[in-house]
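Participant: My questions all concern the structure below.
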Amino acid sequence: MKLPAHFKFTIRLAICVAPLILGQSASGASSSKSRFSDEPAPMDTEGYPDRPKLLIEWGDDFLGTGNLQKGIRLPTGAVWSPNFWVFGEFRSALQTFDPGNNPRRTEWANRLDLFANLELSPTERVLVGFRPLDRNGRFTGYTFEPASGRGGDEDFTENSLVPRTFFFEGEFGEIFPLIDASDSANYDYGFSIGRQPFSLQDGLLINDDALDMIGITRNALLPRGGAHYRITGFFAANEVDRNNNSPDNDALVFGLSTFFDYPKSTIEADAIYVNSGDANGFYAGIGGIQRIGKISTTFRINQSVALDDESPQVATGTLLFSEASYSPAYTHDNIYANAFLGIDNFSSAVRGPVAGGPLGRIGILFAAVGLGNYGAPLSNRPNRAVGGAVGYQKFFGDLRRRQIVFEAGAFQPTNERDTAAQGLGVRFQQAFGKHSILVLDVFGALRQESRESFGGRAELRVKF
Numbered sequence: 144m145k146l147p148a149h150f151k152f153t154i155r156l157a158i159c160v161a162p163l164i165l166g167q168s169a170s171g172a173s174s175s176k177s178r179f180s181d182e183p184a185p186m187d188t189e190g191y192p193d194r195p196k197l198l199i200e201w202g203d204d205f206l207g208t209g210n211l212q213k214g215i216r217l218p219t220g221a222v223w224s225p226n227f228w229v230f231g232e233f234r235s236a237l238q239t240f241d242p243g244n245n246p247r248r249t250e251w252a253n254r255l256d257l258f259a260n261l262e263l264s265p266t267e268r269v270l271v272g273f274r275p276l277d278r279n280g281r282f283t284g285y286t287f288e289p290a291s292g293r294g295g296d297e298d299f300t301e302n303s304l305v306p307r308t309f310f311f312e313g314e315f316g317e318i319f320p321l322i323d324a325s326d327s328a329n330y331d332y333g334f335s336i337g338r339q340p341f342s343l344q345d346g347l348l349i350n351d352d353a354l355d356m357i358g359i360t361r362n363a364l365l366p367r368g369g370a371h372y373r374i375t376g377f378f379a380a381n382e383v384d385r386n387n388n389s390p391d392n393d394a395l396v397f398g399l400s401t402f403f404d405y406p407k408s409t410i411e412a413d414a415i416y417v418n419s420g421d422a423n424g425f426y427a428g429i430g431g432i433q434r435i436g437k438i439s440t441t442f443r444i445n446q447s448v449a450l451d452d453e454s455p456q457v458a459t460g461t462l463l464f465s466e467a468s469y470s471p472a473y474t475h476d477n478i479y480a481n482a483f484l485g486i487d488n489f490s491s492a493v494r495g496p497v498a499g500g501p502l503g504r505i506g507i508l509f510a511a512v513g514l515g516n517y518g519a520p521l522s523n524r525p526n527r528a529v530g531g532a533v534g535y536q537k538f539f540g541d542l543r544r545r546q547i548v549f550e551a552g553a554f555q556p557t558n559e560r561d562t563a564a565q566g567l568g569v570r571f572q573q574a575f576g577k578h579s580i581l582v583l584d585v586f587g588a589l590r591q592e593s594r595e596s597f598g599g600r601a602e603l604r605v606k607f
C-alpha cells in the first residue's frame, strides 16, 4: 500500500527528533532531585559506637566484618573454621534488704562469669565457663548487717576452678555431610552433651544454669498447618537442684520438649519425670505465645505431681501464668501486666541455687537478682496464691542507653496464711561506654502481720 507523502514526512521527522527528546528526558531524570542515585552510599554510622571487642578474639572477629578465614576440611566432609573467643561479665553490688519479719541484711557481693568459646563452625562449638567468686548461693564480698554475721566472705577455693559450664553442641548432618550429599534425607539432628544452662516454660518448669545433661533435638519438621516443629529428648544426672534450690544427688531427670510454630501462635509443650528415691515427680507444661491485636501475650499452664509424699523437693499443684505487653505508638516503651494463680503446691522439676522461685518472670518485684542475699520483694513461690504486677518501662535517647521501670505488684494467699503483701518497685539502668551498665533498684512493700519491708541496691555490671 502506498503511503501519502505527508505521512512519510511525519514518520521521518519523528525518527530524527525522538533521540533528542529521549536524551533530554534522561538528562532531566538524572538531574532530578527525586531520582535514586546510581552511586552506592556508605552506611551512616554516625552516633553509633564501634563494635566492642571481646577479651580474647583468635580467628575471625566476633560480629566483625571482612572476609572469613579459609576452613579446614575434615574426612567427614565438614568444613570447620575454628575461632576462639573469651568473654564474660563481672557484677558487683552494694545492697540492703529488710524483709520486715527478719533482720536486715546489708552486704557487698560480687560475681564473675568467665567463658571460653571454641567455635568450630556455625553449628558446632565447645563452651567452658567458670564462676570463681561464688558457689551454691554464697558470694565473695563483705557482710555489714546483721552484726552477728559481719565480716568478709571469701568463696574462692579449689572448687572455684571446677567449670560451671562445659559442653559440646553440634548437628549430626553438618558434622557428617557426606552421608547425605544432596541434603534430601533431613539429618537435622542437633545434640548437646555436658554441663549447661537449661530452661523450660520460661523457667517455670526448669531453670538451672549448670545441669549435667545430654539432649538430642530433631529440627526442621513441618507440622500440618504450621511452619516449624522441633522435638527434644533429654536426660540429666548430677548437679540436679530441686524445687527448694538445693542439690539432690540421687535425682535422674528424663524429659521431652516440643515446639510448634503456627501462623497465629507458637506452642511449647513439655513433659518431665524425675526419679529420686522417695521424691519422685512428674511434671508437664504447655504454653502459647501470640499477638492479640497490638498486644503481645503469653499463656502457660504447668502441673506438678508428687508420686510419693510431698516434700520441699516435690509437691502436687497447678500454676496458671499469663503475660501481656504493649508498646505505645511512636515509642520503644513497654507497658506490661502479668498475673498468676497457684492451685495447691506447684513445684518446679529443677531450680538452680540462685534461680529463686518460678514467679520471677512476673516482674522486678518477684525476680531474684542472682547476686548475694538480696531477696525478692514479693514471694516468688506460687503455693495457694494469686497475684501479679503492672509496670511501665521507659527508654530514653536515640540509642536507648538509659531506661527506667516503674512497677506495682501484689501477692495474695488463697488460704488462711498471713503472707499477703503489696509493693512498689523502681529500676533504673544506664549504659556507660561499650561495656558497663549501672543498675539501681529500690522497693517498698507492706506485709500482713509484719512491719514494712524495704530495700535498695546499686550494681555495676561490666561485660567484656
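Per my numbering: the sequence shown ends with 607, consecutive numbering throughout.
Positions of the beta carbon are idealized from the N, C-alpha and C atoms, including for glycine.
Considering Cα atoms alone, identify which of Ala601, Thr562, Leu603 and Gly576 is closest to Arg594.
Facilitator: Position 451 of the sequence shown, counted from the start, is the residue given in the question as residue 594. Among Ala601, Thr562, Leu603 and Gly576, the Cα nearest to that of Arg594 is on Thr562.
Participant: Considering Gly608, what are the terminal residues of the alpha helix (DSSP H) in which it resides?
Facilitator: As displayed, the chain neither begins before 144 nor continues past 607, which places residue 608 out of reach and without an answer.
Participant: Alpha carbon to alpha carbon, what distance is there between Phe377 and Leu255?
Facilitator: By 1-based counting over the sequence shown, the position of residue 255 is 112. By 1-based counting over the sequence shown, the position of residue 377 is 234. Approximately 29 Å, taken between the alpha carbons.
Participant: Ends of the beta strand (DSSP E) at Ile318?
Facilitator: The sequence position of residue 318 within the sequence shown is 175, counting from 1. Counting along the chain, Ile318 falls outside any beta strand (DSSP E), though it belongs to the alpha helix (DSSP H) covering Phe315 to Ile318.
Participant: Roughly how many angstroms lie between the CA atoms of Ala221 and Gly430, to the nearest whole one?
Facilitator: Position 78 of the sequence shown, counting from 1, holds the residue named residue 221. Position 287 of the sequence shown, counting from 1, holds the residue named residue 430. Their backbone Cα atoms lie some 37 Å apart in a straight line.
Participant: Once the 5 residues before and after Val605 are set aside, which same chain residues still bring their CB inside 6 Å of it?
Facilitator: In the sequence shown, residue 605 corresponds to position 462, counting from 1. If we look at Val605 and ignore the five residues flanking it on each side, its Cβ neighbours are Phe233, His578 and Ser579.
Participant: What are the residues that DSSP puts in a beta bridge with Thr239?
Facilitator: Taking the sequence shown and counting its residues from 1, one reaches residue 239 at position 96. Thr239 pairs with Thr249 and Gly599.
Participant: Could you give the C-beta distance for Arg338 and Pro306, rounded to a whole number, given that I count them as a contact under 8 Å?
Facilitator: Position 195 of the sequence shown, counted from the start, is the residue given in the question as residue 338. Position 163 of the sequence shown, counted from the start, is the residue given in the question as residue 306. Yes, they are in contact, since the Cβ atoms of Arg338 and Pro306 sit about 6 Å apart, within 8 Å.
Participant: Could you tell me the alpha carbon to alpha carbon distance between Gly503 and His371, rounded to whole angstroms?
Facilitator: For the purposes of this step, residue 503 is taken as the residue at position 360 of the sequence shown. For the purposes of this step, residue 371 is taken as the residue at position 228 of the sequence shown. Distance between the alpha carbons of Gly503 and His371 is about 29 Å.
Participant: Starting from Thr283, follow the beta strand (DSSP E) in both directions and report where the run begins and ends.
Facilitator: The residue given as residue 283 occupies position 140 in the sequence shown. Unbroken beta strand (DSSP E) run through Thr283: Arg281 to Glu288.
Participant: Measure the CB-CB distance between Ala379 and Asp355 and report whether it falls below 8 Å.
Facilitator: For the purposes of this step, residue 379 is taken as the residue at position 236 of the sequence shown. For the purposes of this step, residue 355 is taken as the residue at position 212 of the sequence shown. Yes, Cβ-Cβ distance for Ala379 and Asp355 is below 8 Å.
Participant: Quick check on the DSSP output: the beta strand (DSSP E) that includes Leu270 runs from which residue to which?
Facilitator: By 1-based counting over the sequence shown, the position of residue 270 is 127. Leu270 -> beta strand (DSSP E) spans Arg268 to Phe273.
Participant: Does DSSP classify Ser303 as helix, strand or coil?
Facilitator: Within the sequence shown, residue 303 is the residue found at index 160, counting from 1. In this structure, Ser303 counts as helix in the three-state DSSP scheme.
Participant: So Phe310 and Ser335 are supposed to be a Cβ contact under 8 Å. How far apart are they, rounded?
Facilitator: Along the sequence shown, read from residue 1 onward, the residue named residue 310 stands at position 167. Along the sequence shown, read from residue 1 onward, the residue named residue 335 stands at position 192. So it is a contact: roughly 6 Å between Cβ atoms.
Participant: So what's Gln421 in DSSP terms, helix, strand or just coil?
Facilitator: As a working note, residue 421 is residue 278 in the sequence shown. The question names Gln, yet the displayed sequence has Asp at residue 421. Coil, per DSSP.
Participant: Assess, as a yes-or-no matter, whether the segment 423 to 441 is touched by the segment 465 to 479 under the definition of 3 or more beta carbon pairs within less than 8 Å.
Facilitator: yes
Participant: Within 10 angstroms of its Cβ, does Thr219 collect 16 or more other Cβ (buried), or is it exposed?
Facilitator: Looking up residue 219 in the sequence shown gives position 76. Thr219 should be labelled exposed.
Participant: Going by beta carbon distance, what residues of the same chain come within less than 7 Å of Phe341, once the five residues before and after it are set aside?
Facilitator: For the purposes of this step, residue 341 is taken as the residue at position 198 of the sequence shown. Closer than 7 Å at the Cβ level, and outside the excluded window around Phe341, lie Ile349, Asp351, Leu354 and Met356.
Participant: Considering only the alpha carbon of each residue, which of Ala412, Ala564 and Arg544 lies closest to Asn244?
Facilitator: One-based indexing of the sequence shown puts residue 244 at position 101. Of Ala412, Ala564 and Arg544, the residue nearest in Cα terms is Ala564.
Participant: Compare the C-alpha of Gly460 against each of Gly333, Ala472, Gln446 and Tyr473 and name the closest.
Facilitator: Locating residue 460 in the sequence shown gives position 317, where the first residue counts as 1. Cα-wise, what sits closest to Gly460 is Gln446.
Participant: If you follow the beta strand (DSSP E) that Arg385 is in, where does it begin and where does it stop?
Facilitator: Taking the sequence shown and counting its residues from 1, one reaches residue 385 at position 242. Arg385 -> no beta strand (DSSP E), and no H or E assigned at all.
Participant: Would you kindly report the start and end of the unbroken beta strand (DSSP E) that includes Gln339?
Facilitator: Your numbering for residue 339 matches position 196 in the sequence shown. Here the beta strand (DSSP E) through Gln339 covers Tyr332 to Leu343.
Participant: Among Ala427, Ser490, Gly420 and Arg367, which one has its Cα closest to the Cα of Tyr405?
Facilitator: Looking up residue 405 in the sequence shown gives position 262. Among Ala427, Ser490, Gly420 and Arg367, the Cα nearest to that of Tyr405 belongs to Arg367.
Participant: Quick one: grab the DSSP three-state call for Arg194.
Facilitator: Working through the sequence shown from its first residue, we reach residue 194 at position 51. Coil.
Participant: So what's Ala172 in DSSP terms, helix, strand or just coil?
Facilitator: On the sequence shown, residue 172 is found 29 positions in, with the first residue counted as 1. Confidence is the limiting factor: at Ala172 the pLDDT is only 49, short of 50, which leaves the residue's position unreliable, though a coordinate-based value still follows. In the structure shown, Ala172 sits in a helix (DSSP, three-state: H, G or I).
Participant: What residue range does the beta strand (DSSP E) around Phe554 cover?
Facilitator: Here the question's residue 554 lines up with position 411 in the sequence shown. Taken as a continuous stretch (DSSP letters only), the beta strand (DSSP E) holding Phe554 covers Arg545 to Pro556.
Participant: Along the chain, where does the beta strand (DSSP E) that runs through Met356 open and close?
Facilitator: In the sequence shown, counting from the first residue as 1, residue 356 sits at position 213. Taken as a continuous stretch (DSSP letters only), the beta strand (DSSP E) holding Met356 covers Ile349 to Leu364.
Participant: Residues in its own chain within less than 8 Å of Arg608 by CB, not counting five upstream and five downstream?
Facilitator: The requested residue 608 is not part of the displayed model; the chain covers only 144 to 607.
Participant: What whole-angstrom Cβ distance do Ala551 and Ala532 have, given they're in contact under 8 Å?
Facilitator: As a working note, residue 551 is residue 408 in the sequence shown. As a working note, residue 532 is residue 389 in the sequence shown. Beta-carbon to beta-carbon, Ala551 and Ala532 are separated by about 7 Å, close enough to satisfy the 8 Å threshold.
Participant: Would the beta-carbon of Asp476 fall within 8 Å of that of Asp452?
Facilitator: Here residue 476 corresponds to residue number 333 of the sequence shown, with the count starting at 1. Here residue 452 corresponds to residue number 309 of the sequence shown, with the count starting at 1. No, these two residues do not count as a Cβ contact at 8 Å.
Participant: By Cβ distance below 7 Å, which residues in the same chain neighbour Ala172 in space, the five residues on each side in sequence not counted?
Facilitator: As a working note, residue 172 is residue 29 in the sequence shown. The pLDDT assigned to Ala172 is 49, lower than 50, so where the model puts this residue is not dependable; a value taken from the coordinates is nonetheless given after this. Hits under 7 Å: Arg178.
Participant: Let me know the secondary structure DSSP gives Pro390 once reduced to three states.
Facilitator: For this step, residue 390 is matched to residue 247 along the sequence shown. Here Pro390 sits in strand by DSSP.
Participant: Let me know if Gly272 comes out buried or exposed under the rule of 16 or more other beta-carbons within 10 Å of its beta-carbon.
Facilitator: In the sequence shown, the residue the question calls residue 272 occupies position 129. Per the 10 Å Cβ criterion, buried.
Participant: Out of curiosity, what's the CA-to-CA distance linking Leu581 and Gly207?
Facilitator: For the purposes of this step, residue 581 is taken as the residue at position 438 of the sequence shown. For the purposes of this step, residue 207 is taken as the residue at position 64 of the sequence shown. Between Leu581 and Gly207, the C-alpha separation is close to 27 Å.
Participant: Ignore the nearest five residues each way along the sequence and tell me which others in Asp329's own chain have a CB closer than 7 Å to its CB.
Facilitator: Here residue 329 refers to the residue found at position 186 of the sequence shown. A quick correction: the sequence has Asn, not Asp, at residue 329. Closer than 7 Å at Cβ, skipping near neighbours: Ala363.
Participant: What residue does the beta strand (DSSP E) around Ala532 start on, and which one ends it?
Facilitator: Against the sequence shown, residue 532 aligns to sequence position 389. Ala532 -> beta strand (DSSP E) spans Ala528 to Phe539.
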